[in-house]
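In full-length UniProt numbering, the protein residues as written are 1 to 323.
By construction, the Cβ of each residue, glycine as well, lies at the ideal position given by its N, Cα and C atoms.
See below for the structure under consideration.
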Amino acid sequence: MTSNDALLVCGSGVSTGIPRLSCVLTNASGYAGHYGMYQFCKVCDHALNVPGSRNKRGNVQIAVRHDGRIVLVDAGKTMRESLLAHFPAAKFTHIDAVLLTHGHADAFMGMDDLRDLQMPYKTGPGDAAVKQQSVLPVYCNKPTYETVREAFPYLTETPSPEEASVRRVAMLDFRIIQDKQSFEPVERFRIQSIPLWHGNQYVSLGYIFYALGRLKNAKICHLSDVSEVSPDTLDFLLEESAAAPFDVLLVDCLLKKDWYSTHFGLPDALELVRRLRPKRTLLIGMTCRGFGLHDKMNKELHQLQETEGLRVELAYDGLLCEF
Ligand SMILES: [Zn+2]
Ligand SMILES: [Zn+2]
């Protein structure tokens, strides 16, 4: 018996997306003119001009499939193009629930397009039948909900099914979760939220997905936006890892050499990886500067396998892990 359970990395890049506008315009101008300090950017040039380039990155977004149900984490600015590019090939055909990590544009600003993932259906035969949409549950913490409500008031005022059908807005059912909570967004889909510092005094949520795969013993940990892990959260992650290592750890990694006020860089990400020792680590949220081309950087990271027994790599848009 094979499992249909899978993780799809729909987007793996920084909030600007890659190629970045600043790099493309600097590259086109041939000097560091309007966009300042930069030299020619090989990564953005590759992302822009080479079909299928793994340097091309949308906002961080993943989808997890378990027992035929699909949960999407985040719906940022690039959601539509990421899903168009990567859902069909991975045979991800629909969405059953959405989890939001936090209230920044790269995590939720594509939510208007959720309406087109909610196919209207008829309640009965003939012209008299009323068209209805299914309701999509969206899980987030209270501050994220408040931010979404301000940005998209029409998505948080629940219309009647008939009204939604006429207006063609998404039918969303917001469910507020605590920063640390175990919940089941759809049946048999067990998830734990984890609080992470994402800059000074701002909490984003990480998520652990449990009981995946044919033997129901695979688990994924997704830490997309993190600048610091509190001692409590670290203890929790260490306990989880001691019970059974994560099959996949996705972790924020904006820069290669440096720390940034709101995001891990590679040194922070590797420090966490050395503590948790997951079976496989996918770095996400990268910008173009510093890393160099995707394949070259991954060859460099591959050395960690030989030196420390750690499988660490940059993720790419469209990466599929099956369990
Ligand atoms: Zn660039
Ligand atoms: Zn953010």
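Quick one: does the C-beta of residue i sit closer than 8 Å to a heavy atom of ligand 2?
{"i": "H222", "result": "no"}
{"i": "A243", "result": "no"}
{"i": "T262", "result": "yes"}
{"i": "H198", "result": "yes"}
{"i": "E225", "result": "As written in the sequence, residue 225 is Asp, which differs from the Glu given in the question. Yes, Cβ of D225 sits closer than 8 Å to a heavy atom of ligand 2."}
{"i": "S204", "result": "yes"}
{"i": "A107", "result": "yes"}
{"i": "H104", "result": "yes"}
{"i": "S15", "result": "yes"}
In this structure, does DSSP put residue i in helix, strand or coil?
{"i": "N59", "result": "strand"}
{"i": "R274", "result": "helix"}
{"i": "P245", "result": "coil"}
{"i": "H315", "result": "His is not the amino acid found at residue 315; the sequence shown has Ala there. Looking at A315 - three-state DSSP - the assignment turns out to be coil, as it is neither helix nor strand."}
{"i": "R115", "result": "helix"}
{"i": "A47", "result": "helix"}
{"i": "L237", "result": "helix"}
{"i": "A6", "result": "strand"}
{"i": "E322", "result": "strand"}
{"i": "E146", "result": "helix"}
{"i": "D268", "result": "helix"}
{"i": "D252", "result": "strand"}
In its own chain, which residues sit with a C-beta less than 6 Å from the C-beta of residue i, not counting the 5 before and 5 after it?
{"i": "residue 376", "result": "Look at the range of the chain in this structure, 1 to 323, and you will see that residue 376 is not part of it."}
{"i": "S241", "result": "L276"}
{"i": "F174", "result": "V138 and Y145"}
{"i": "residue 348", "result": "Nothing in the structure corresponds to residue 348, since the chain is present only between 1 and 323."}
{"i": "V135", "result": "M171 and D173"}
{"i": "L250", "result": "H222, L282 and I284"}
{"i": "L212", "result": "D5, H66, A218 and F323"}
Is the closest heavy atom of ligand 1 to the C-beta of residue i under 8 Å?
{"i": "V50", "result": "no"}
{"i": "R289", "result": "yes"}
{"i": "I176", "result": "no"}
{"i": "I62", "result": "no"}
{"i": "C253", "result": "no"}
{"i": "R20", "result": "yes"}
{"i": "V43", "result": "yes"}
{"i": "C23", "result": "yes"}
What are the start and end residues of the beta strand (DSSP E) that includes residue i?
{"i": "R175", "result": "L172 to I176"}
{"i": "Y207", "result": "V203 to L212"}
{"i": "K219", "result": "A218 to L223"}
{"i": "C23", "result": "First-last for C23: L21 to S29, but that is the alpha helix (DSSP H), not the beta strand (DSSP E)."}
{"i": "T281", "result": "T281 to I284"}
{"i": "A97", "result": "A97 to L99"}
{"i": "S193", "result": "I191 to W197"}
{"i": "I70", "result": "R69 to V73"}
Can you tell which of the options has its C-alpha closest to the C-alpha of residue i?
{"i": "A75", "options": "M111, V50 and F323", "result": "M111"}
{"i": "K296", "options": "M286, L282, A218 and L314", "result": "L314"}
{"i": "L293", "options": "V50, D5 and L234", "result": "V50"}
{"i": "F236", "options": "L255, Q192 and I177", "result": "Q192"}
{"i": "G309", "options": "I18, M171 and P278", "result": "P278"}
{"i": "V43", "options": "I176, A218 and P19", "result": "P19"}
{"i": "A63", "options": "H222, V229 and L238", "result": "H222"}
{"i": "E184", "options": "E300, L99 and L320", "result": "L99"}
{"i": "W259", "options": "T233, R274, V248 and T287", "result": "T287"}
{"i": "S15", "options": "K56, S29, N27 and H46", "result": "K56"}
{"i": "K219", "options": "V229, Y202, E239 and A244", "result": "A244"}
{"i": "L84", "options": "I194, G13 and G58", "result": "G58"}
{"i": "R214", "options": "S29, F323 and L48", "result": "F323"}
{"i": "residue 361", "options": "T233, A211, S227 and R280", "result": "Absent from the structure is residue 361, since the part of the chain shown begins at 1 and ends at 323."}
{"i": "Q178", "options": "V273, G206, L72 and F189", "result": "G206"}
{"i": "S53", "options": "R188, L301, S12 and F40", "result": "S12"}
Kindly indicate the opening and closing residues of the alpha helix (DSSP H) around residue i.
{"i": "S82", "result": "M79 to A90"}
{"i": "Y139", "result": "Y139 -> not in any alpha helix (DSSP H); beta strand (DSSP E) instead, spanning L136 to C140."}
{"i": "P153", "result": "P153 to T156"}
{"i": "Q303", "result": "H294 to E308"}
{"i": "D106", "result": "A105 to F108"}
Can you list, in chain order, the residues of its chain whose CB lies under 7 Å from that of residue i, leaving out five sequence neighbours each side?
{"i": "H86", "result": "L8, C10, D317 and G318"}
{"i": "C321", "result": "A6, L7 and V248"}
{"i": "R65", "result": "N4, D5, A6 and F92"}
Here's a check: name, in chain order, each residue in its chain whose Cβ is nearer than 8 Å to the Cβ of residue i, leaving out the five neighbours to either side.
{"i": "K257", "result": "G265, L266, P267 and G290"}
{"i": "D225", "result": "V60, T101, H102, H104, A107, L196, H198, S204, D252, T262, H263 and G285"}
{"i": "K142", "result": "I176"}
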